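In order, the protein sequence lines correspond to chains G and A.
For the first sequence, the working numbering begins at 1 and goes up steadily by one.
For the second sequence, the working numbering begins at 1 and goes up steadily by one.
Beta carbons: idealized from backbone N, C-alpha and C, even for Gly.
Fair warning: this is a prediction, and the values are worked out from it, not measured in the lab.
A short worksheet on the structure shown next.
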Amino acid sequence: MLVINENKIADFLKALEKEYKVYDNRQHPPYGGLTAKKYFFPPVEETFVSEKKGSLKTTKFAEKFVVFGLSIPQLEALTYLDEIMTKPAEDFFYWQRRGNSIVVGLIKEEPDALPGGDIVFVDLGDGNFKILKNTEKGEELIKKYKSYFAEVADAPSKVTDPGMSEWSKTMRDILLDAELLANAVEWSKNHKIWEEMATTCLGCGVCTYVCPICHCFSVEDKIDLTGKCSRCRKWDACTLPDFAKIAGGHDFRPTIKERYYNWFYHKFVRGYKEYGKPQCVGCGHCKKYCPASIDILEILKTILGDYKKSQIQI
Amino acid sequence: MTKPKVAIYDFTDCEGCEVKLVSLRERLLLLENKIDIVNWRLGQERFDAGPYDVTIIEGTPITDYEVDLLKDLRKNSKVLIALGACAALAGVPGIMPEKDRKFWYEKIYTAQYRPRGVDAVPLSAYVPIDFAIHGCPVDEDEVVKAMEELLSGKTPTYSGNSTCFDCKQAGNKCRIRDEEKPCLGPITQAGCKAICVTGGSPCYGCFGIRKEANISALIKKLKTITDEKTIERYLTMFHSRTKEVNDGKK
Ligand code: SF4
Ligand code: SF4
Numbered sequence: 001m002l003v004i005n006e007n008k009i010a011d012f013l014k015a016l017e018k019e020y021k022v023y024d025n026r027q028h029p030p031y032g033g034l035t036a037k038k039y040f041f042p043p044v045e046e047t048f049v050s051e052k053k054g055s056l057k058t059t060k061f062a063e064k065f066v067v068f069g070l071s072i073p074q075l076e077a078l079t080y081l082d083e084i085m086t087k088p089a090e091d092f093f094y095w096q097r098r099g100n101s102i103v104v105g106l107i108k109e110e111p112d113a114l115p116g117g118d119i120v121f122v123d124l125g126d127g128n129f130k131i132l133k134n135t136e137k138g139e140e141l142i143k144k145y146k147s148y149f150a151e152v153a154d155a156p157s158k159v160t161d162p163g164m165s166e167w168s169k170t171m172r173d174i175l176l177d178a179e180l181l182a183n184a185v186e187w188s189k190n191h192k193i194w195e196e197m198a199t200t201c202l203g204c205g206v207c208t209y210v211c212p213i214c215h216c217f218s219v220e221d222k223i224d225l226t227g228k229c230s231r232c233r234k235w236d237a238c239t240l241p242d243f244a245k246i247a248g249g250h251d252f253r254p255t256i257k258e259r260y261y262n263w264f265y266h267k268f269v270r271g272y273k274e275y276g277k278p279q280c281v282g283c284g285h286c287k288k289y290c291p292a293s294i295d296i297l298e299i300l301k302t303i304l305g306d307y308k309k310s311q312i313q314i
Numbered sequence: 001m002t003k004p005k006v007a008i009y010d011f012t013d014c015e016g017c018e019v020k021l022v023s024l025r026e027r028l029l030l031l032e033n034k035i036d037i038v039n040w041r042l043g044q045e046r047f048d049a050g051p052y053d054v055t056i057i058e059g060t061p062i063t064d065y066e067v068d069l070l071k072d073l074r075k076n077s078k079v080l081i082a083l084g085a086c087a088a089l090a091g092v093p094g095i096m097p098e099k100d101r102k103f104w105y106e107k108i109y110t111a112q113y114r115p116r117g118v119d120a121v122p123l124s125a126y127v128p129i130d131f132a133i134h135g136c137p138v139d140e141d142e143v144v145k146a147m148e149e150l151l152s153g154k155t156p157t158y159s160g161n162s163t164c165f166d167c168k169q170a171g172n173k174c175r176i177r178d179e180e181k182p183c184l185g186p187i188t189q190a191g192c193k194a195i196c197v198t199g200g201s202p203c204y205g206c207f208g209i210r211k212e213a214n215i216s217a218l219i220k221k222l223k224t225i226t227d228e229k230t231i232e233r234y235l236t237m238f239h240s241r242t243k244e245v246n247d248g249k250k
C-alpha cells in the first residue's frame with residue numbers, strides 16, 4: 001500500500017504551495033467554525049459585473065487550490081453539497097471553484113466506501129497514513145508528487161479511537177433512519193418545542209454559517225461610485241429576518257418559531273424528499289457554535305420520542 | 001443631470017464619524033463627482049443655505065438651539081440621514097439617565113452650575129429620519145454603500161445579518177460560546193466587520209439593533225453567564241434610549 005509518513009506531510013503541503021494555494025483545515029478552527037464550504041461557496045461572492053452599457057461579465061475564478069485535512073463528516077458534507085450544487089441545475093460559481101480544487105481528507109478509520117474528496121489519508125496509528133485515491137485528479141496529484149510517498153507492505157491500522165465524539169455517533173445513528181426522521185419532523189410542526197425555541201434562538205444565523213451543507217443565499221445588486229454595476233450573492237439563513245420576505249414586504253415566516261422550524265424542515269424533511277437523505281452529517285458544528293447553546297440532538301430526541309408515542313396511540 | 005445638494009451637519013459628539021468621511025479619501029473625491037456638498041462646517045468653507053436634497057447629521061442635539069436647527073433641517077431636506085451612533089441612537093451622550101444628571105452636575109461642576117442642556121436622545125425622537133448609517137464610528141464601506149444606494153435611486157436598506165456573520169468571517173472565537181463572556185453581536189446589525197470582537201472587546205451594539213432581533217432571548221442567555229448589572233451595563237452603552245432594547249428587558 002501507498003503511505004505518507006507523518007513527518008513528510010508538512011513538506012508535501014509546502015511543495016504543493018508552488019502550484020496551489022493550500023488551505024490546511026487541520027488548523028481548524030481558527031476560522032470561527034466556518035467549514036471548507038467557504039472555499040467553494042464564499043460568504044460573499046461577486047457573480048456578474050457590468051462596467052459599461054451592454055457589457056455583462058461573469059466573474060471568473062481561476063485560482064487552483066488544495067483543501068487539506070477534512071474529516072469523514074466534512075467529506076460527506078462536501079459530497080452532498082456537490083450533489084445539491086449539481087441537481088437540478090449545475091451551479092456555475094460553485095463549480096468553477098470546486099473544479100479548480102483538490103480536496104484531501106484526513107481520517108482515522110478506513111471506511112467501507114470513500115466518503116468523498118479526491119484523496120484521503122487514513123491514519124494507521126504507526127506514524128504512517130495510507131493513501132486512498134478517489135478521483136483521477138487525486139491520482140494525478142499523487143503521481144506528480146510521488147517522492148513524498150512510499151510503498152510499504154499492507155498492515156492493519158493501530159488506531160483504536162476513530163476520534164468521533166459521542167454526540168456525533170448518536171446523531172449519525174439517528175440520521176440512518178432518514179424516513180422516520182423526516183416523518184417525525186414533519187409531524188412536529190405544532191410541537192411545543194418550537195415555542196420554546198422562539199424564546200431561546202437568537203436568530204443570529206450562526207448555525208447555518210457553520211453548517212457544512214447549508215447553502216441558501218440571497219442576491220444583491222449595486223452600482224458603485226464609478227458606475228460599475230455588480231451582482232453578488234451572500235449567505236442567507238432561515239433564521240434571519242429577510243429570508244422569507246418578498247417584494248411588497250410580505251413575510252412567509254414572520255416569527256423565530258417558524259424560521260427555526262424551517263431550518264429543521266429543510267434539513268430533515270425536504271432533504272429527505274428531494275435527495276433521499278437528511279441534510280446533516282452529524283458534525284456537531286451547529287451545537288458547538290450556537291451562542292444560545294441550542295443542541296439539535298436534544299430537540300430531535302424529544303420530537304422522535306413524542307412522535308413514536310403518538311404513533312402507538314393511533 | 002444636476003448633482004444632488006448635500007449638507008453635512010454636526011451636533012454634540014466627538015466628530016469621529018466626520019473624520020471617517022474624510023478618511024474615505026479617493027472615494028470621497030469620487031463621491032464629489034456625483035454630489036455637491038454645499039454645506040459642511042468641518043470639511044470645507046462653503047455654507048450654502050438650504051433646501052438640500054440630502055442632509056447628513058452627526059451627533060445628537062443637546063441644546064434648544066440644536067433641536068430647532070434639527071427641525072429646520074428636516075423641513076429643508078428631502079432625505080435626512082443620521083450618521084453614527086450619537087445621531088442614530090443617542091450614543092455615548094445618551095448613556096446617562098436624565099434622573100442621574102443632577103447628581104453628576106453637582107458633583108462635577110458644583111451646585112452653582114446652571115445647565116442649559118436637554119436630554120440626549122436619538123434624532124428620531126424629534127424628527128423622522130430616512131436612514132441611519134450606524135457605528136461608533138461609522139464604517140467607510142457602509143457610508144459608501146448608503147450613498148451608492150441613494151445615487152442609484154434606491155431606498156437604503158438595513159442588513160438582516162447579525163454581527164456574528166462578520167465575526168465568523170473574521171475567524172474569531174465566539175465570546176459567548178467559547179469564553180462565557182457577554183456580547184451583543186447576535187442582536188446587532190452586521191457591517192462593522194466585527195472589529196471590536198477581533199480586537200478583543202465585546203460587541204456593545206453600536207451598529208444598531210438588527211431588525212426583528214430576539215433581545216429577550218439574548219438577555220436570557222446572558223443571565224446564564226453573567227449578572228444583571230453587567231447585562232444592564234452592556235445594554236446601556238449605546239442603547240439606553242432604544243425602544244426595542246427597553247422593551248426586551250421587560
Ligand atoms: S446559532 Fe443558535 S441562536 Fe443562532 S440562529 Fe442558530 S439556533 Fe438560533
Ligand atoms: S463573539 Fe459575539 S459577535 Fe462574535 S459570534 Fe460570538 S456572539 Fe456573535
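Does the CB of residue 122 of chain G have a neighbour CB from chain A at under 8 Å? Taking the first residue of the first sequence as 1, we reach residue 122 of chain G at position 122. Judged by the 8 Å Cβ criterion, residue 122 of chain G is not in contact with chain A.
Using a beta-carbon distance below 8 Å, is residue 202 of chain G in contact with chain A? For the purposes of this step, residue 202 of chain G is identified with residue 202 of the first sequence, where counting begins at 1. Interface residue, yes.
Say yes only if the C-beta of residue 36 of chain G is nearer than 7 Å to one or more non-hydrogen atoms of ligand 1, and no if none qualify. On the first sequence, position 36 is the one that residue 36 of chain G refers to. Outside the cutoff, so no.
Under 7 Å Cβ-Cβ, which residues of chain A neighbour residue 289 of chain G? By one-based count along the first sequence, residue 289 of chain G stands at place 289. Ordered by position in chain A, the residues that pass the 7 Å Cβ test against residue 289 of chain G are 174, 177.
Assuming residue 62 of chain A and residue 118 of chain A are in contact, meaning their beta carbons sit under 8 Å apart, how far apart are those beta carbons, in whole angstroms? Here residue 62 of chain A refers to the residue found at position 62 when the second sequence is read from its first residue. Here residue 118 of chain A refers to the residue found at position 118 when the second sequence is read from its first residue. Confirmed, about 6 Å.
Under 8 Å, do residue 22 of chain A and residue 150 of chain A count as touching if we go by C-beta distance? Along the second sequence, read from residue 1 onward, the residue named residue 22 of chain A stands at position 22. Along the second sequence, read from residue 1 onward, the residue named residue 150 of chain A stands at position 150. No, these two residues do not count as a Cβ contact at 8 Å.
What's the C-alpha gap between residue 138 of chain G and residue 120 of chain G? Start at 1 with the first residue of the first sequence, and residue 138 of chain G comes out as number 138. Start at 1 with the first residue of the first sequence, and residue 120 of chain G comes out as number 120. Rounded to whole angstroms, residue 138 of chain G to residue 120 of chain G spans 9 Å at the Cα level.
Beta-carbon gap between residue 48 of chain G and residue 57 of chain G smaller than 8 Å: Residue 48 of chain G sits at position 48 when you count from the first residue of the first sequence. Residue 57 of chain G sits at position 57 when you count from the first residue of the first sequence. Closer than 8 Å, so yes.
Contact check, residue 182 of chain G vs residue 122 of chain G, beta carbons under 8 Å: Taking the first residue of the first sequence as position 1, residue 182 of chain G is located at position 182. Taking the first residue of the first sequence as position 1, residue 122 of chain G is located at position 122. Their beta carbons are not under 8 Å apart, which means residue 182 of chain G does not touch residue 122 of chain G by this criterion.
Let me check understanding here. Comparing Cα to Cα, which of G:76, G:97, G:66, G:148 lies closest to residue 281 of chain G? Residue numbering aside, residue 281 of chain G sits at position 281 when the first sequence is read from its first letter. Checked all of G:76, G:97, G:66, G:148; the closest Cα to residue 281 of chain G is G:76.
Interface residues of chain G around residue 167 of chain A at Cβ under 7 Å? For the purposes of this step, residue 167 of chain A is taken as residue 167 along the second sequence, with counting starting at 1. Neighbours of residue 167 of chain A on chain G, chain order: 32.
Buried/exposed call for residue 111 of chain A, threshold 16 Cβ in 10 Å: Numbered from its first residue, the second sequence carries residue 111 of chain A at position 111. When all chains shown are included, residue 111 of chain A counts as exposed.
So residue 128 of chain G is in the beta strand (DSSP E); what residue range does that whole segment cover? For this step, residue 128 of chain G is matched to residue 128 along the first sequence. Counting along the chain, the beta strand (DSSP E) containing residue 128 of chain G begins and ends at 128-133.
Is residue 213 of chain G helix, strand or coil when you go by DSSP? Translated into positions along the first sequence, residue 213 of chain G becomes position 213. If DSSP states are grouped into helix, strand and coil, residue 213 of chain G belongs with coil.
Do residue 83 of chain G and residue 265 of chain G come within 8 Å of each other at the CB atom, strictly closer than that value? Locating residue 265 of chain G in the first sequence gives position 265, where the first residue counts as 1. Locating residue 83 of chain G in the first sequence gives position 83, where the first residue counts as 1. Result no, Cβ atoms of residue 265 of chain G and residue 83 of chain G do not sit closer than 8 Å.
Can you confirm whether residue 295 of chain G, when its beta carbon is compared against all beta carbons of chain A, has any partner nearer than 8 Å? Taking the first residue of the first sequence as 1, we reach residue 295 of chain G at position 295. By this cut-off, residue 295 of chain G is not an interface position.
Using a C-beta to C-beta distance shorter than 7 Å, which residues of chain C count as neighbours of residue 77 of chain A? Given the protein chain composition of this structure (G and A), no chain C is represented.
With a Cβ-Cβ cutoff of 8 Å, do residue 37 of chain A and residue 8 of chain A count as a contact? As a working note, residue 37 of chain A is residue 37 in the second sequence. As a working note, residue 8 of chain A is residue 8 in the second sequence. Yes; because the gap between Cβ atoms is below 8 Å, this pair is in contact.
Curious, which full-length beta strand (DSSP E) runs of at least 3 residues does the stretch 173-246 of chain G contain? 217-223, 229-235
Please report whether the beta-carbon of residue 25 of chain A lies at a distance below 8 Å from any beta-carbon of chain G. The sequence position of residue 25 of chain A within the second sequence is 25, counting from 1. Not an interface residue.
Closer than 7 Å to a non-hydrogen atom of ligand 1 - does that hold for the CB of residue 194 of chain A? By one-based count along the second sequence, residue 194 of chain A stands at place 194. Because no heavy atom of ligand 1 lies under 7 Å away, the Cβ of residue 194 of chain A does not count as near it: no.
Quick check: does the Cβ of residue 172 of chain A come within less than 7 Å of any heavy atom belonging to ligand 2? Position 172 of the second sequence, counted from the first residue, corresponds to residue 172 of chain A. Yes, the beta carbon of residue 172 of chain A sits closer than 7 Å to at least one heavy atom of ligand 2.
Express the C-alpha separation of residue 188 of chain A and residue 202 of chain A in angstroms, rounding to a whole number. In the second sequence, residue 202 of chain A corresponds to position 202, counting from 1. In the second sequence, residue 188 of chain A corresponds to position 188, counting from 1. Roughly 12 Å separates the two Cα atoms.
Return the residues of the stretch 34-56 of chain A that lie within a Cβ-Cβ distance of less than 8 Å from chain G, sorted by chain order. 34
The beta strand (DSSP E) with residue 251 of chain G in it runs from where to where? To locate residue 251 of chain G, count along the first sequence from 1; it is residue 251. Here residue 251 of chain G belongs to no beta strand (DSSP E), and DSSP marks it neither H nor E.
Would residue 34 of chain G and residue 24 of chain G qualify as a contact pair, given that the criterion is a beta-carbon distance under 8 Å? As a position in the first sequence, residue 34 of chain G is number 34, starting the count at 1. As a position in the first sequence, residue 24 of chain G is number 24, starting the count at 1. No, these two residues do not count as a Cβ contact at 8 Å.
Assuming residue 164 of chain A and residue 206 of chain G form a contact by the criterion Cβ under 8 Å, report the distance between their Cβ atoms to the nearest whole angstrom. As a first step, residue 164 of chain A must be located in the second sequence, where it is residue number 164. As a first step, residue 206 of chain G must be located in the first sequence, where it is residue number 206. Between residue 206 of chain G and residue 164 of chain A the Cβ distance is about 5 Å, and since that is below 8 Å, they are a contact.
Taking 8 Å as the CB-CB cut-off, is residue 39 of chain G touching chain A? To locate residue 39 of chain G, count along the first sequence from 1; it is residue 39. So, not an interface residue.
Let me check understanding here. Comparing Cα to Cα, which of G:115, G:136, G:81, G:199 lies closest to residue 214 of chain G? Within the first sequence, the letter at position 214 stands for residue 214 of chain G. It is G:81 whose Cα lies nearest to the Cα of residue 214 of chain G.
Does ligand 3 have a heavy atom nearer than 7 Å to the CB of residue 168 of chain A? Absent from the structure shown: ligand 3. Ligands present: ligand 1 and ligand 2.
Listed by chain order, chain A residues near residue 222 of chain G by CB distance under 8 Å: As a working note, residue 222 of chain G is residue 222 in the first sequence. By Cβ distance, chain A contributes 145, 148, 149, 152.
Taking the beta carbon of residue 176 of chain G as the centre, do at least 16 other beta carbons fall within 10 Å, making it buried, or is it exposed? Your numbering for residue 176 of chain G matches position 176 in the first sequence. Residue 176 of chain G should be labelled exposed.
Helix, strand or coil for residue 113 of chain G? Go by DSSP, reduced to three states. Start at 1 with the first residue of the first sequence, and residue 113 of chain G comes out as number 113. Reduced to three states, the DSSP call for residue 113 of chain G is coil.
From residue 71 of chain A to residue 212 of chain A, what distance separates their C-alpha atoms? The sequence position of residue 71 of chain A within the second sequence is 71, counting from 1. The sequence position of residue 212 of chain A within the second sequence is 212, counting from 1. Those two C-alpha atoms are separated by around 29 Å.
Tell me whether residue 141 of chain A sits in a helix, a strand or coil according to DSSP, three-state version. Against the second sequence, residue 141 of chain A aligns to sequence position 141. Helix.
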